[in-house]
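A.B. asks: Remember, my numbering sits 50 above the position in the sequence shown when you count from 1.
Glycine residues also receive a C-beta, built at the ideal position from the N, C-alpha and C atoms.
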Amino acid sequence: KQERAALLVNYAQESLNLTAQIEEYIKKNNLQKVKIYYAQGSDGLATECEGSWHATLIERAGAQNVHKCSEDPNAKSFGRVKISFEQLIKYDPDVILIYEKELFDKIYGDPKWQLLGAVKNKKAYYIPREPFSWFDRPPSFMRFLGLKWLINLAYPEAFKFDMVRETREFYKLFLDLELTDAQIYKILGLEFSGEELEITALNSLSNAGPSELSYCDSEKNAKFIEGSKAGAILVASNLKELVGAQSRAVV
Numbered sequence: 051k052q053e054r055a056a057l058l059v060n061y062a063q064e065s066l067n068l069t070a071q072i073e074e075y076i077k078k079n080n081l082q083k084v085k086i087y088y089a090q091g092s093d094g095l096a097t098e099c100e101g102s103w104h105a106t107l108i109e110r111a112g113a114q115n116v117h118k119c120s121e122d123p124n125a126k127s128f129g130r131v132k133i134s135f136e137q138l139i140k141y142d143p144d145v146i147l148i149y150e151k152e153l154f155d156k157i158y159g160d161p162k163w164q165l166l167g168a169v170k171n172k173k174a175y176y177i178p179r180e181p182f183s184w185f186d187r188p189p190s191f192m193r194f195l196g197l198k199w200l201i202n203l204a205y206p207e208a209f210k211f212d213m214v215r216e217t218r219e220f221y222k223l224f225l226d227l228e229l230t231d232a233q234i235y236k237i238l239g240l241e242f243s244g245e246e247l248e249i250t251a252l253n254s255l256s257n258a259g260p261s262e263l264s265y266c267d268s269e270k271n272a273k274f275i276e277g278s279k280a281g282a283i284l285v286a287s288n289l290k291e292l293v294g295a296q297s298r299a300v301v
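1. Tell me the DSSP bridge mates of Asn115?
2. DSSP state of Ser65, grouped into three classes?
3. Which residues mark the beginning and the end of the alpha helix (DSSP H) in which Tyr149 is found?
4. Mind checking which residues open and close the alpha helix (DSSP H) that includes Tyr158?
5. Out of curiosity, what's the CA-to-CA distance linking Leu66 and Glu109?
6. How is Thr97 classed by DSSP in three states: helix, strand or coil?
7. So for Ile133, helix, strand or coil by DSSP?
8. For Ile283, which of helix, strand or coil comes out of DSSP?
9. Which residue comes first and which comes last in the beta strand (DSSP E) that contains Ala204?
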């Protein structure tokens, strides 16, 4: 028990240390902080103030919460502050994090939300919530994994986390669960978010070992198949002509 406790504490500390590392990465590369909007409620117009403990992962990930409300200190405690869509347009976030599945299911087909660059650029993401939210409500140890997930969205080149592998290892360590690839894809919402899937696919191709299964589902990642060390690679059927007769690529 003490050995496992030490492993959990070490994982937690390593995750928390990522904040200093990502801040150094931003400074070293002279980057503008990614602007993030946290959308709650079925209409997406309830959010959290900068500094709210509900949205603490935004700042821990080296990003900027677009909603400031220093004039209302109580809002930081209670959360779910209502804003107008006009205000959201003015914020023009780079990334939108979505708490409600109802909103996520309609956001890419809604003409109004298409006015936002984050939606146009396919950077609106449904927050994983198995077994409960990785981000907020309830705040929990899932935030340690959620921090990696969020950094990977905001600054994909910083650490190049393979979120499929990270999810598998986290669930085994903290929950003693052996997840299948299909279960992990469902948790991460890979079937919904093309941008995140391409990032993850690239990292998986780069990191998978000879005894592991990898995958490639986008044309821009197909060029990495040849250099991958994966034992076998699942390839989307529409990429069949691009991968040729490579023995490890299963279409």
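C.D. replies: In short:
1. Note: Asn115 sits in a beta bridge opposite Ile86.
2. DSSP places Ser65 within a helical segment (H, G or I) once states are collapsed to three.
3. Where Tyr149 is concerned, there is no enclosing alpha helix (DSSP H), given that its DSSP letter is neither H nor E.
4. Here Tyr158 belongs to no alpha helix (DSSP H), and DSSP marks it neither H nor E.
5. So the two alpha carbons sit approximately 12 Å from each other.
6. Look at Thr97 here: in three-state DSSP terms it is strand.
7. Residue state, collapsed to three classes: coil.
8. The DSSP-derived three-state label of Ile283 is strand.
9. From DSSP, Ala204 is part of no beta strand (DSSP E) but of the alpha helix (DSSP H) over 192-204.
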